[in-house]
Amino acid sequence: MGPADDGLATPHGRLERILPLPVTLDSAGVSRASTSDPSTVVPPRAHSLSHSLRPRHLAMIAIGGVIGAGLFVGSSVAIATVGPAVIVTYLLTGLLVLLIMRMLGEMAVAMPHVRSFTEFTRVALDNCAGFSVGWLYWYFWVIVIPVEAIAGAEIIRAWLPLPAWQIGAGLMVLMTSVNLLSARAYGEFEFWFASIKVAAIVVFIAVLVIHALGQQLAGVSVFANLVDHGGFAPRGLLAVPAAVTTVIFSMNGAEIVTVAAAESEQPARAVANMTSTIINRVLMFYVGSVFMILVTLPWSSVVPGRSPFTLALDTIHIPFASTIMGTIILTAVLSCLNSAFYVASRVLFVLAEHGDAPHWLVRTNRRRVPHRAVLLASLVGFAGVFTAIVSPNRVFAFLVNASGAVIAVVYLAIAVSQVRWRRKHEQAGDLAPSLPMWGFPWLSYAAIGGMTLVLITMAVTPSLSAEFWASAVSISVVLVAYFVRRSRQTR
Numbered sequence: 000m001g002p003a004d005d006g007l008a009t010p011h012g013r014l015e016r017i018l019p020l021p022v023t024l025d026s027a028g029v030s031r032a033s034t035s036d037p038s039t040v041v042p043p044r045a046h047s048l049s050h051s052l053r054p055r056h057l058a059m060i061a062i063g064g065v066i067g068a069g070l071f072v073g074s075s076v077a078i079a080t081v082g083p084a085v086i087v088t089y090l091l092t093g094l095l096v097l098l099i100m101r102m103l104g105e106m107a108v109a110m111p112h113v114r115s116f117t118e119f120t121r122v123a124l125d126n127c128a129g130f131s132v133g134w135l136y137w138y139f140w141v142i143v144i145p146v147e148a149i150a151g152a153e154i155i156r157a158w159l160p161l162p163a164w165q166i167g168a169g170l171m172v173l174m175t176s177v178n179l180l181s182a183r184a185y186g187e188f189e190f191w192f193a194s195i196k197v198a199a200i201v202v203f204i205a206v207l208v209i210h211a212l213g214q215q216l217a218g219v220s221v222f223a224n225l226v227d228h229g230g231f232a233p234r235g236l237l238a239v240p241a242a243v244t245t246v247i248f249s250m251n252g253a254e255i256v257t258v259a260a261a262e263s264e265q266p267a268r269a270v271a272n273m274t275s276t277i278i279n280r281v282l283m284f285y286v287g288s289v290f291m292i293l294v295t296l297p298w299s300s301v302v303p304g305r306s307p308f309t310l311a312l313d314t315i316h317i318p319f320a321s322t323i324m325g326t327i328i329l330t331a332v333l334s335c336l337n338s339a340f341y342v343a344s345r346v347l348f349v350l351a352e353h354g355d356a357p358h359w360l361v362r363t364n365r366r367r368v369p370h371r372a373v374l375l376a377s378l379v380g381f382a383g384v385f386t387a388i389v390s391p392n393r394v395f396a397f398l399v400n401a402s403g404a405v406i407a408v409v410y411l412a413i414a415v416s417q418v419r420w421r422r423k424h425e426q427a428g429d430l431a432p433s434l435p436m437w438g439f440p441w442l443s444y445a446a447i448g449g450m451t452l453v454l455i456t457m458a459v460t461p462s463l464s465a466e467f468w469a470s471a472v473s474i475s476v477v478l479v480a481y482f483v484r485r486s487r488q489t490r
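The letter at position 278 of the sequence shown is residue 277 when you use numbering that gives the first Met the number 0, and the numbering goes up by one with no holes.
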């Protein structure tokens, strides 16, 4: 997760159909009745989720998932690190995310009955992978909850002089209530949050384009800022791919729609649309906006942790730029907070269905919301806020760092799972997937290599190594938990 406020840098995402017998999926993702291994058996769906999300909700969830504070504020770190060549970094990162999402899309369309994409690792690899990826992804999002609540509180404090913990608690109560109400309530809030973010970026780009055209007509070179301050790559060419490690964490969230799609009438269509349009979103929202920022002002004037969007608007003398961008960044923070509650609760619900989490979490209320999973996510979030108050630089910083590399590990697991699943699919003589991965297996291998390089770069980069090794601790804890659980089951 990137920084989340203007001037504030936060530290540092049932495999069965309804059948009369418990079922598992075989190696090719085909449902089969089973009563054998207790670690693979899934109980009948006595408590099913709703199908109340509409296509318009899913469309904006997919768009909003990749637009967050990581763009509005976090892009400042990438620009200051690379210079104008960061445009190429965003293109490379967008390509890598596109490949991962296409791989995810292939499996999601082939197995629309799977409620959480984390379960693809169980289908393709084994129960250990399903357990580990599910819990790691849950951990990532429950840590996002206090991080975003605190970030939102710091923004609001500029307008409302109250203690940050009170505002943060209020934001968490609000989003807990929304997610307890219904899946449709989550979708409706996310629809409007995403609409505001999209409209803001479109207007932002349009304003800067108009300003650039005016400068050109006045005889001022529009592209001077791209080359006049140390050249296009002032930090060197190696800084361009190295910064992918920084940028990729601002683009996570596109996969959220595959979780939300399980509560819609046409999940396969929603996922297919996501994989086919993500490149357009990356080009417009990330590359387009960052390009116009770099055209408008010298890259050397960008301060890490301070929104370059605000700086660009100030440069062309747009009144109330700071207030405008503060409102938009707050919208991005609330959107992320809303999604964090939703994703964490659904992933935990699926884990509980498989016996990988306490069975009492497999309960829904009359609106078919997994209310116990939502409340547990809220409880952990409040504990995180409390930890941030009493030990912000030690305990809370470690908890946040311990989630830092998790999303990269999850993406790597998706890529490995797709290769494994596709091989099994072909060996079984099944028809080709309806949404096949491009250039299989070579582009799949390229995605695996790219995510592996991201993790290696984190390990050897001084500013990121703490996150890598703290994340290694969280991964180790999850693996130990799995083997302890398995040993108890086999006694």
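Think of the CB as a built atom: it goes at the ideal place given N, C-alpha and C, for glycine as much as any other residue. In this text, all values refer to a predicted model and were calculated from it rather than measured experimentally.
Assigned with DSSP and collapsed to three states, residue 216 falls in helix. Nearest to residue 448 by C-alpha distance, out of 72, 410, 429, is 410. A direct Cα-to-Cα measurement between residue 97 and residue 250 gives close to 10 angstroms. Spanning the alpha carbons of residue 221 and residue 290 requires a straight line of approximately 11 angstroms.
With contact defined as three or more Cβ pairs closer than 8 angstroms, the region 326 to 336 and the region 99 to 119 are not in contact.
Per DSSP, reduced to three states, the secondary structure at residue 52 is strand. In this structure, residue 88 places its C-beta atom within 7 angstroms of the C-beta atom of residue 81. Under the three-state reduction of DSSP, residue 462 is assigned to helix. Minimum Cα-Cα distance from residue 304 among the listed residues 266, 466, 68 corresponds to 68.
Between the region 373 to 382 and the region 399 to 415, the count of C-beta pairs closer than 8 angstroms stays below three; the two stretches do not touch.
Around the C-beta of residue 210, 16 or more other C-beta atoms lie within 10 Å, and the residue is accordingly described as buried.
Using a Cβ-Cβ distance cut-off of 8 angstroms, the region 309 to 317 and the region 221 to 236 are not in contact, since fewer than three pairs of beta carbons, one from each stretch, lie closer than that value. Between residue 283 and residue 61, the C-beta spacing is not below 7 angstroms.
Residue burial is scored here from C-beta neighbours: residue 425 has fewer than 16 other C-beta atoms within 10 angstroms and is therefore classed as exposed. Restricting attention to 458, 363, 196, 421, the CA atom closest to the CA of residue 71 is found in 196. The bridge partners DSSP lists for residue 47 come to none.
Partner residues in the beta bridge of residue 263, as assigned by DSSP, are 52. In the DSSP annotation of this structure, the continuous segment of the alpha helix (DSSP H) that includes residue 424 starts and ends at 405 to 426. Counting only residues of its own chain and dropping the five nearest sequence neighbours on each side, residue 135 has a CB closer than 8 angstroms to the CB of 405, 408, 409, 473, 474, 477. Here residue 370 carries a helix assignment [DSSP, helix/strand/coil]. Cβ-Cβ separation between residue 48 and residue 485: approximately 28 angstroms, too far for a contact (criterion under 8 angstroms). Comparing alpha-carbon positions, the option among 430, 142, 111, 268 lying closest to residue 386 turns out to be 142.
Taking C-beta atoms as the reference points, residue 63 and residue 189 count as a pair closer than 7 angstroms.
For residue 106, the secondary structure class from DSSP, reduced to helix, strand or coil, is helix. Nearest neighbour of residue 112 by Cα position, chosen from 236, 338, 264, turns out to be 264. With distances taken between CA atoms, residue 118 lies nearest to 345 out of 460, 459, 345, 394. Counting the other Cβ atoms within 10 Å of the Cβ of residue 358 gives fewer than 16, which makes it exposed. DSSP places residue 400 inside the alpha helix (DSSP H), whose first and last residues are 394 to 400. The alpha-carbon separation between residue 129 and residue 350 amounts to approximately 9 angstroms. Taking the Cα positions, residue 479 is about 39 angstroms away from residue 162. The Cβ-Cβ distance between residue 171 and residue 148 falls below 7 angstroms. DSSP places residue 311 within a helical segment (H, G or I) once states are collapsed to three. At the C-beta level, residue 253 and residue 59 stay beyond 7 angstroms of one another.
Look at residue 115 here: in three-state DSSP terms it is coil, with no helix or strand label.
As summarised for the region 312 to 355, the continuous alpha helix (DSSP H) elements at least 4 residues long and confined to that stretch are 320 to 352, given in chain order.
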